[in-house]
Amino acid sequence: MARMNEDAQWIVLMGFIVSFSFFFLAMILNQATVVGQTTAESVLDFPKNDVRDVKAVIIQSSSVPTDADFRTDLQSIALSRKNAVVNYSVTLPNPPADIHTYINIHYNNGVTLYDEMWASL
Amino acid sequence: MSGKQDLTRESGISESIGFLLIFSIIIAGIGLVTLYGYPMLLKQQTSADEQIMEKNMIVLQNDVKSLAYKTVPYTETSLKVGGGALTIYNASYDDTTTSSFTISDDGGAVTTGPPLPQTFHTGDLRYQSNAAETMISLENGAVVLRKVAQPGSTMLAEPRWFVDDTTNTAVIYLINFNSTEMLARSGVGTVQMAFVAGNYTEYNIPAGDKIYVHYAPNANADYSTAWSNYFTNTLKMTEVVGNPGVYLVPTHTSIPALLVVKQYEIEIQSL
């Protein structure tokens, strides 16, 4: 009886390797399909520019702090355009004791709640 | 020589019994795979399809957010709807069966804006699985899910209603869907959505007056548990005693409050 020729065993081994790699690829693909949104969306949601815009306008207007029309206009525009509730209060300088203007800014758009106290130099 | 003799003793071997043994093992193997393996695979596929659809709905909700809150005019998302169908249920299709939100106050005291109570029909973008197990809807900016045979429901992604404590302001967003024709999709498709119209109403609520929200579910897709949980847990609303489904908006009633209702109409152009 002739000895068994085992030279081609690597073919069987390669077959195993290929099929296992397919199996793992399938597992990875299966994971990939269930991945949806990333946290990048949430980072983009942070309204940095909106807050800055509102803040700039409020600081510019601190010379007319008692103008009720300006306040309601600002609040209405922030609500309709930026979907944000904005409120602020201005403390004017009291020269001998304190030469600074203080502004408390409140900003809330349901996702981001932001409060800031701004003081003039 | 004696070894050779041993090898030839085959009196205990029967070809037919051997065949029968091997054959029954094969049949048992096939039977196991058919009766247990295949249904298990199918079930896994169904749940994978539903999970993918949950993610798809959250992606679509992001589109709706862009359209409503970020003033983007038009969005387009390609997605694969597997193991079921995605259908648009128009807000204007049938007022008696679509879900609705009603905003009301104690009555008569609000002088600004259109008179309260106001009822808004939202319509929804609904996925129903073929196995009739799961229903996922994009309704009024929220993604809600329910198992068809069970009474409960849950909210996967919340809308953006909020009450600002500092200024005593309640902001309510109402987003409805419309389409010019009946649309449904199974398989790969593109969801095209366009922003049609927005409406913005401010109500000055005098001190002592209370604001209420009522959710009336669609009889075929009842997500009242999901909305109830959102109202009571996230927004800290309280259900009115003796009036199920009506929730009190938690503004301070000792001082005047502001109620802002923002409506958005979104047209689904294709699915």
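Protein chains in written order, with numbering that gives the first Met the number 0: chain G, 0 to 120; chain E, 0 to 270. Quick reminder that beta carbons are idealized off the backbone N, C-alpha and C, glycines included.
| query | result |
| --- | --- |
| So if I threshold CB-CB distances at 7 Å, which residues from the stretch 94-105 of chain G count as touching chain E? | H105 |
| Just how far apart, CA to CA, sit T231(E) and H251(E)? | 16 Å |
| Any beta carbon from chain G within less than 8 Å of T33(E)'s own beta carbon? | no |
| Identify which residue in Y199(E), E9(E), Y35(E) has its Cα closest to the Cα of P113(E). | Y199(E) |
| Between the stretch 62-78 of chain G and chain E, which residues of the former have a C-beta closer than 9 Å to a C-beta of the latter? | Q74, S75, L78 |
| When you compare only the Cα positions, how much space is there between L74(E) and S88(G)? | With the sequence shown as reference, residue 74(E) is identified as Thr, and Leu is not the correct amino acid for it. Spanning the two alpha carbons is a distance of roughly 39 Å. |
| Counting only C-beta atoms, is N107(G) closer than 8 Å to chain E at any point? | yes |
| Would a C-beta distance cut-off of 8 Å place V212(E) and V259(E) closer than the cut-off? | no |
| Less than 8 Å between C-beta atoms, sequence neighbours within five positions excluded: which residues of the same chain meet that for G2(E)? | Here the model assigns G2(E) a pLDDT of 49, short of 50, so the residue's position is not dependable, and the following value carries that caveat. Answer for G2(E): no residue qualifies. |
| Quick one: does V84(G) have its CB under 8 Å from some CB of chain E? | yes |
| Give me the subset of the stretch 132-161 of chain E whose CB atoms are less than 8 Å from a CB atom of chain G, sorted by chain position. | R159, W160, F161 |
| Which residues of chain E have a Cβ atom closer than 7 Å to the Cβ of V110(G), listed in chain order? | R159 |
| Three or more beta-carbon pairs under 8 Å between the stretch 137-148 of chain E and the stretch 212-224 of chain E, yes or no? | yes |
| In this structure, how does DSSP classify G2(E) when only helix, strand and coil are distinguished? | With a pLDDT of 49 at G2(E), under the threshold of 50, the predicted position of this residue should be treated as unreliable, though the coordinate-derived value follows. Reduced to three states, the DSSP call for G2(E) is helix. |
| In whole angstroms, give me the CA-to-CA distance for M0(E) and R8(E). | A caution first: M0(E) carries a pLDDT of 45, below 50, which makes its placement in the model too unreliable to give a value. |
| When you compare the CB of D163(E) with every CB in chain G, is at least one pair closer than 8 Å? | yes |
| For the stretch 43-71 of chain G, which segments carrying the alpha helix (DSSP H) assignment without a break, of at least 4 residues, lie completely within its bounds, in sequence order? | 47-59 |
| Thinking C-beta only, is K81(G) closer than 8 Å to N103(G)? | no |
| When the Cα of V71(E) is compared with those of S77(E), K79(E), N61(E), G11(E), which residue comes out closest? | N61(E) |
| Pull up the distance between the alpha-carbon of A215(E) and that of Q74(G), whole angstroms please. | 32 Å |
| When burial is assigned at 16 or more other CB atoms within 10 Å of the CB, is L24(G) buried or exposed? | exposed |
| Alpha carbon to alpha carbon, how far is S227(E) from N48(G)? | 34 Å |
| Measuring straight from C-alpha to C-alpha, what distance separates F21(G) and M39(E)? | 21 Å |
| So, using beta-carbon positions, are N167(E) and L257(E) closer together than 8 Å? | yes |
| Rounded C-beta distance between P165(E) and H105(G)? I'm assuming under 8 Å. | Per the sequence shown, residue 165(E) should be read as Thr rather than Pro. 5 Å between Cβ atoms; contact. |
| Using the beta-carbon count (16 or more within 10 Å), is Y246(E) buried or exposed? | buried |
| Closer than 8 Å by C-beta to P92(G): which residues in its own chain qualify, once you throw out the five before and the five after it? Chain order, please. | I98, H99, T100, S119 |
| Can you pull the chain G neighbours of T166(E), defined as C-beta to C-beta under 9 Å? | Q74, V84, V85, N86, H105, N107 |
| Ordered along the chain, which non-local residues of its own chain (more than five positions away) have a Cβ less than 6 Å from that of Q262(E)? | L173, N198 |
| Please report how far the alpha carbon of Q117(E) lies from the alpha carbon of Y113(G), in whole angstroms. | 31 Å |
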